[in-house]
Amino acid sequence: MVRVIRKIGDPILRRKAKKVEKITRETWKLLDDMIETMRKAHGQGLAAPQVGVSQRIAVVEVPKSDAIVGSGVLYELINPEVIKQSEEMWEHQEGCLSIPGWRGDVARPYRIVVRALDRNGNRVKFEVEGHVARAFLHEIDHLDGVLYIDKLVSPDRIWRVNEESTQDLE
Ligand code: ZN
84 MVRVIRKIGD PILRRKAKKV EKITRETWKL LDDMIETMRK AHGQGLAAPQ
134 VGVSQRIAVV EVPKSDAIVG SGVLYELINP EVIKQSEEMW EHQEGCLSIP
184 GWRGDVARPY RIVVRALDRN GNRVKFEVEG HVARAFLHEI DHLDGVLYID
234 KLVSPDRIWR VNEESTQDLE
């Protein structure tokens, strides 16, 4: 089921989301709905607060590209935590499904290690880099009520885009 994506101004986007204590059938349904919602919106990631659920759950799926390591893979993250990050940073544009019509430049660590739970409650660890790491970090920020516009490399590095071309958002 496609869920409604909350837009900037909705207070849930600024709340720190709660840790998932128990994975239930509802968690699975939420994950399935988030995946459907992300794909329908041509997003590369989606966090539970964006669909109105203040829980530490996110999905990431960067479209398959030979140039992007870890692309074409669906990642499901429950209680994700960044446990390592490279000192190397890189700037790139980001967009957000909750802030339609805008893009802005953000600096992020190039490589990260993230620990999380999968949908069966197993501990999983991901070493990701580049665009996939960026998508992970963007979604994990959502779980802390942080939006990419809080992290622009400078206040003028944000610009409008056509709604029609607003794809590959997080
Ligand atoms: Zn976002």
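Residue numbers (my numbering): 84 to 253.
Just so it is clear, CB atoms sit at the ideal spot from N, CA and C, and this is done for glycine as well.
- For His225, the uninterrupted alpha helix (DSSP H) run begins and ends at 213 to 226, by DSSP.
- One alpha carbon belongs to Pro132, the other to Asp149, and they sit about 31 angstroms apart.
- Those residues whose C-beta sits under 5 angstroms from the nearest heavy atom of the ligand ZN are, from N- to C-terminal order along the chain, Cys179, Glu253.
- Here the alpha carbons of Val145 and Gln127 stand approximately 5 angstroms from one another.
- Between Glu212 and Arg186, the gap from beta carbon to beta carbon reaches 8 angstroms or more.
- Using a Cβ distance threshold of 8 angstroms, Leu160 and Ile140 count as a contacting pair.
- In this structure, Lys102 sits near Asn162, with a CB-CB distance shorter than 8 angstroms.
- The beta carbon of Ala100 lies closer than 6 angstroms to those of Pro132, Ser137, Gln138, Arg139, Leu226 in the same chain, with the five residues before and after it left out.
- Comparing alpha carbon positions, the residue from Ile166, Ala124, Ala216 closest to Trp173 is Ala216.
- For Lys90, same chain residues with a beta-carbon under 6 angstroms away, outside a window of 5 residues either side, are Ser181 in chain order.
- DSSP places Met121 in no beta strand (DSSP E) but in the uninterrupted alpha helix (DSSP H) bounded by 108 to 123.
- For Val197, the uninterrupted beta strand (DSSP E) segment begins and ends at 194 to 200.
- A buried status is given to Arg191, since no fewer than 16 other beta-carbon atoms sit within 10 Å of its beta-carbon.
- Secondary structure note for Tyr231: it is in no beta strand (DSSP E), with a DSSP letter that is neither H nor E.
- Pairing Ser154 with Val165, the inter-Cα distance amounts to about 19 angstroms.
- Straight-line spacing of the CA atoms in Met121 and Glu170 works out to 30 angstroms.
- Rounded to the nearest whole angstrom, the CA to CA distance from Val87 to Glu210 is 31 angstroms.
- Per DSSP, reduced to three states, the secondary structure at Gln133 is helical.
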